[in-house]
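Below, the structure written as structure tokens:
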């Protein structure tokens, strides 16, 4: 599975459109033609306006909200807020795709300040928490996720994000407690929730037979062998000393993810470069995790050369446990 919530299978949709998840189950903005065909839990992010329409809406909204507030403010402010949130998210996506995490966090902060919808606010806070964790700011991530839980107490995503914060802080009991609670909220048969709990169990090295049961149930319930699920299963099998089986699963996960990456690269020159960079960064972080897992399994059965190659590739693509990319 993948966190990059670097996993975790992160933000939102508008009016309940179909959403995509990262490897850890957090919403990914629906701004890019989805190449991975992975269903993900959704949120309520405003849809992206094609071309320059988004900026036009923003400028009109600002004009209406600032120039004639006495007459039109009650009517205009929702439009202003939606435009600011959308523009801020587009800016955050572009900055995140370039690896400028500090600036992306700042852009998300603007969206958070202007947002008034509880569900969307919870998702934005989770996304900023994930970026802060990656930017080595676990304290800031914890603050965001606690606020997200307070805003949306019945949502599973904030609990998943807090579980990752606990993993980074080496608090396995708390991480497992949140993973269990997320399953209860999402539903005991929910594939993403089961995959996430299996992965957290693997990350903290607890309840490994139960983790295998979780991921097997997730695969059976999903109706598709998604790369993130295969990666989780491979990692769990490695921890159970079933290394060759683990390598077989991880080979499948890596092959499917590399195919998805090639599909993305084929879009170069035909889609917005910022959109492409954002999507590629997420896929590369998934690959980093998978390659690291395969390196562990290869090393365990004496394939030192392959293991070293996998570890080096994973590091180049961003694998770093201290940044929550695991």
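Residue numbers (my numbering): -19 to 306. Backbone N, C-alpha and C define an ideal beta-carbon position, used for all residues, glycine too.
Query, Result
"Own chain, CB closer than 6 Å to residue 298, minus 5 neighbours either side, in chain order", "265, 268 and 305"
"Residue 300 - partner residues in DSSP beta bridges", "305"
"7 Å Cβ shell around residue 155 - same chain, five flanking residues per side excluded", "143, 146, 147, 180 and 184"
"Option in 169, 174, 167 and 182 with minimal Cα separation from residue 153", "182"
"Range of the contiguous alpha helix (DSSP H) that encloses residue 253", "253 to 280"
"Three-state secondary structure (DSSP) of residue 187", "coil"
"Within 8 Å, strictly: CB atoms of residue 72 and residue 63", "no"
"Alpha-carbon to alpha-carbon, residue 213 and residue 287", "19 Å"
"Selection from 255, 210 and 204 that minimises the alpha carbon distance to residue 178", "210"
"Identity of the residue in 118, 119, 124 and 65 nearest residue 95 by Cα", "65"
"Three-state secondary structure (DSSP) of residue 151", "coil"
"Cβ pair count under 8 Å reaching 3, the region 120 to 135 against the region 100 to 112", "yes"
"Straight-line Cα distance separating residue 130 from residue 163", "18 Å"
"Element boundaries [alpha helix (DSSP H), containing residue 103]", "98 to 114"
"DSSP-derived helix/strand/coil call for residue 71", "helix"
"Inter-residue spacing [alpha-carbon to alpha-carbon] between residue 116 and residue 106", "15 Å"
"DSSP state of residue 242 mapped onto helix, strand, coil", "helix"
"Local conformation of residue 80 per DSSP, three classes", "coil"
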